[in-house]
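*Asks:* Pasting a structure below so you can have a look.
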Amino acid sequence: MGGIRPDGAWRNWAGNQSSTPVRVERPRSEAEVVALVKVAAAEGRRVKVVGAGHSFTAIARTDEVLVTLDEMGAVVGIDQEKGQVRVEAGIRLFNLNPLLHAVDLAMPNLGDIAYQSVGGAISTSTHGTGLGFSSIAAGVVGIRLVAGDGTVNVLGPDDDPDLLEVTRVGLGALGIITEVTLQCVPAFNLYALEEVLSVDEVLDSFDELAATTDHIEFFWMPHTGLAMRKRNTRTTDAPPPSKSRRQALRRRWKRFKNKEIMENAAFGTFNHIGKMVPSLIPSLNGLVASEGDRAEYLTTSYEVFASPRRVRFYEMEYGVPAECGIEALRRVMDLVENLGRPISFPVEYRVLGPDQIPLSTSFGRPTAYIAVHVFRRTPYEDYFRGVEAIMDDYGGRPHWGKLHFHSSSVLCDRYPQWYRFQAARKLLDPAGRFTNDYLDWALGS
Ligand SMILES: Cc1cc2nc3c(=O)[nH]c(=O)nc-3n(C[C@H](O)[C@H](O)[C@H](O)COP(=O)(O)OP(=O)(O)OC[C@H]3O[C@@H](n4cnc5c(N)ncnc54)[C@H](O)[C@@H]3O)c2cc1C
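Heads up: the sequence shown is residues 542 to 986, going by this note's numbering.
Here it is in structure tokens:
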């Protein structure tokens, strides 16, 4: 499920967005992108690039010309001295990460998964966690973008840095990004510590720990009083040699148990059971997280940051000023406990440092991210709307790739540089070649 079918029909990963484009274009070069944009312009058709289809919103939906950059997923160049890598925008993070590792480089920070394309990840302000770090888009130091009239814009620190800043998070509304230059860091490992603790303990100590921990996040498990806290510390230490084969197997099993069984296989089964018998959800949640559970491991950064996600779900995520995050989360927890039906998916809490990208969800402020999820094909609107109303009290900004109900009339006040973005949109795509219904609604037409 998810992706482009042989008949051209498209569906996103979660299965809640689908479309039947008039045609699918699979360019292999920037010149082919330019050509297809010019043809579409001559026909008066709109054009939409899709990445990995991992957005929950209709941001990547189109019934007109769908463009996939799956044939444009190469590393174009590496500048070892600057620690920069130039990639075609269709490259998936799971392909890029090991390639970087092979040349002793790494992405400074990553989100929970690595299925996304680089073009898609930056366009929606995709982020991981850590107050000393920022979004993936903040590490973009160069972009090549095909605008609405087919012209190629080369943007970098010496070539229109102003426009570069805006296009780093462009929602796909500014043009087709063909190439991205990413600022990387020397390869590093992460020492991961995962603990299931009482949620009160996790909330009370969070802000203090966040100030001193490289990457910290937690998942509150509704109806259990428990949370799973993850702390990842950057290190160049190598994984410790295992004293015995048994110890090595035990370590590997523990990690497998966390990532594959509890986050995927068993979790999926529990959700199917919970969908049939909702009253069992609180007990099943208790099986997913047991107090005292703990795992420790040390491996390459990208293997710790990203996990497989095989259980499909729907998600909404809001960013609020970091200093209000825990208060906002406590209100979300009250809402969940009083919703009148059990919730089987955890609520995720992360933090991130600020950046200066006009439509970045962490523009100008250290940000706390609160993400709520439900098992796919289960009702979410009352829950997500209730959470959104709480986020309104903190000037919350919804993740562009995740479900939300606010449109441009509300969102324009949440971004101090909203009109700087709109000016860039007018400049690069005056005819609305790259818009779709979602973008008209979320950004204005
Ligand atoms: C299981 C799961 C886990 C997730 N975890 C996280 C997380 O930890 N942190 C987080 O912040 N988000 C997370 N997300 C959200 C995800 O990172 C974003 O939705 C991201 O945009 C998906 O990338 P994609 O390649 O699938 O883009 P798509 O969803 O295919 O496209 C998103 C937008 O990007 C545009 N776009 C794509 N490529 C280009 C291009 N070359 N030029 C111009 N525009 C382009 C599209 O037109 C569209 O508007 C998660 C999503 C899922 C399903």
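Glycine included, every Cβ here is placed at the ideal spot set by N, Cα and C.
Going along the chain, which unbroken runs of the alpha helix (DSSP H) with 4 or more residues stay wholly within the segment 683 to 764?
*Replies:* Correct list: 702 to 708, 740 to 753.
*Asks:* Run through DSSP, which three-state label would Val681 get?
*Replies:* Strand.
*Asks:* Closest to Pro702 by C-alpha separation, out of Thr692, Thr719, Ala679, would be which residue?
*Replies:* Closest by alpha carbon: Ala679.
*Asks:* Please report how far the alpha carbon of Gln625 lies from the alpha carbon of Met648, in whole angstroms.
*Replies:* Each residue's alpha carbon lies about 10 Å from the other.
*Asks:* Return the chain-ordered list of same chain residues with a C-beta closer than 7 Å to the C-beta of Gly827, the five sequence neighbours on each side being excluded.
*Replies:* Thr765.
*Asks:* How about Thr722 and Gly689: do their beta carbons lie closer than 8 Å?
*Replies:* For Thr722 and Gly689, no; Cβs fall outside 8 Å.
*Asks:* When you compare only the Cα positions, how much space is there between Ala714 and Ala847?
*Replies:* Cα to Cα, Ala714 sits roughly 27 Å from Ala847.
*Asks:* Determine the direct distance from the alpha carbon of Asn557 to that of Arg606, and round the result to whole angstroms.
*Replies:* According to the sequence displayed, residue 606 carries Val and not Arg. In a straight line, the C-alpha of Val606 is about 20 Å away from that of Asn557.
*Asks:* Please identify the residue among Pro562, Arg775, Pro899, Pro763 whose C-alpha is closest to the C-alpha of Arg709.
*Replies:* Nearest option by C-alpha distance: Pro899.
*Asks:* Have a look at Phe759 and Leu870 and give me their C-alpha separation to the nearest angstrom.
*Replies:* Taking the straight line joining both Cα atoms gives about 11 Å.
*Asks:* Starting from Met932, trace the alpha helix (DSSP H) both ways and give me its first and last residue.
*Replies:* 922 to 933 is the extent of the alpha helix (DSSP H) around Met932.
*Asks:* Using the three-state DSSP reduction, which class does Asn638 fall into: helix, strand or coil?
*Replies:* Of the three classes helix, strand and coil, the one that applies to Asn638 here is helix, per DSSP.
*Asks:* Applying the 10 Å Cβ sphere with the 16-neighbour rule, what's the burial state of Val695?
*Replies:* Counting Cβ neighbours within 10 Å, Val695 comes out exposed, since fewer than 16 surround it.
*Asks:* Touch check for the segment 918 to 927 and the segment 950 to 966: three-plus C-beta pairs under 8 Å?
*Replies:* Too few Cβ pairs lie closer than 8 Å, so no.
*Asks:* I need the DSSP call for Trp554, collapsed to helix, strand or coil.
*Replies:* Here Trp554 sits in coil by DSSP.
*Asks:* Would the beta-carbon of Gly661 be found less than 7 Å away from any heavy atom of ligand 1?
*Replies:* Result yes, Cβ under 7 Å from ligand 1.
*Asks:* Any heavy atom of ligand 1 closer than 7 Å to the Cβ of Thr665?
*Replies:* Yes, since a heavy atom of ligand 1 falls inside the 7 Å radius drawn around the Cβ of Thr665.
*Asks:* Determine whether the beta carbon atoms of Val659 and Ala615 lie at a separation below 8 Å.
*Replies:* In this structure, Ala615 does not lie closer than 8 Å to Val659 by Cβ.
*Asks:* Using the Cα positions of Ile867 and Glu856, report the straight-line distance between them to the nearest angstrom.
*Replies:* Cα-Cα distance, rounded: 19 Å.
*Asks:* Return the Cβ separation of Phe587 and Asn977 in integer angstroms, given the expectation that the two are a contact with Cβ distance under 8 Å.
*Replies:* In the sequence under discussion, the amino acid at residue 587 is Arg, which differs from the Phe named in the question. Right, their Cβ atoms sit about 7 Å apart.
*Asks:* On the DSSP bridge list, what partners appear for Lys589?
*Replies:* Paired residues: Leu607.
*Asks:* Taking the alpha-carbon positions, what's the Ala912 to Lys579 distance?
*Replies:* Roughly 40 Å separates the two Cα atoms.
*Asks:* Does the Cβ-Cβ distance between Arg974 and Ala728 come in under 8 Å?
*Replies:* No, the pair does not count as a contact, with Cβ atoms beyond the cut-off.
*Asks:* Please name the residue in Leu969, Gly716, Asp933 whose C-alpha comes closest to that of Arg988.
*Replies:* Look at the range of the chain in this structure, 542 to 986, and you will see that residue 988 is not part of it.
*Asks:* Starting from Val659 and walking both ways along the alpha helix (DSSP H), at which residues does that stretch end?
*Replies:* Note, Val659: alpha helix (DSSP H), 659 to 664.
*Asks:* Leaving aside the five residues before and after Lys816 along the sequence, list all residues of the same chain whose C-beta is less than 7 Å from its C-beta, in chain order.
*Replies:* Phe916, Thr919, listed in sequence order.
*Asks:* On the DSSP letters alone, give me the boundaries of the beta strand (DSSP E) that Ile619 sits inside.
*Replies:* Segment 616 to 620, the beta strand (DSSP E) holding Ile619.
*Asks:* Going by the beta-carbon positions, is the gap between Trp554 and Pro562 smaller than 8 Å?
*Replies:* Not in contact: Trp554 and Pro562 (Cβ atoms no closer than 8 Å).
*Asks:* Do you know how far the Cα of Pro819 is from the Cα of Pro957?
*Replies:* Whole-angstrom Cα-Cα distance: 43 Å.
*Asks:* Could you tell me if Tyr960 is buried or exposed, where buried requires 16 or more neighbouring beta carbons within 10 angstroms of its beta carbon?
*Replies:* Classification of Tyr960: exposed, given that the 10 Å Cβ count is below 16.
*Asks:* From Ser746 to Glu864, what does the alpha carbon distance come to, in whole angstroms?
*Replies:* For Ser746 and Glu864, the distance between alpha carbons rounds to 13 Å.
*Asks:* Starting from the Cα of Gly942, find the closest Cα among Trp761, Thr609, Leu738, Ser664 and give me that residue.
*Replies:* The shortest Cα separation from Gly942 among Trp761, Thr609, Leu738, Ser664 belongs to Ser664.
*Asks:* What are the residues that DSSP puts in a beta bridge with Asn773?
*Replies:* Partner(s): Ala733, His756.
*Asks:* Quick check: what's the CA-CA separation for Ala601 versus Gly544?
*Replies:* Going from the Cα of Ala601 to the Cα of Gly544 covers about 11 Å.
*Asks:* Using a threshold of 7 Å, is the CB atom of Asp653 nearer than that to any non-hydrogen atom of ligand 1?
*Replies:* Yes, since a heavy atom of ligand 1 falls inside the 7 Å radius drawn around the Cβ of Asp653.
*Asks:* So, using beta-carbon positions, are Thr908 and Gly860 closer together than 8 Å?
*Replies:* Cβ distance < 8 Å, so Thr908 and Gly860 count as in contact.
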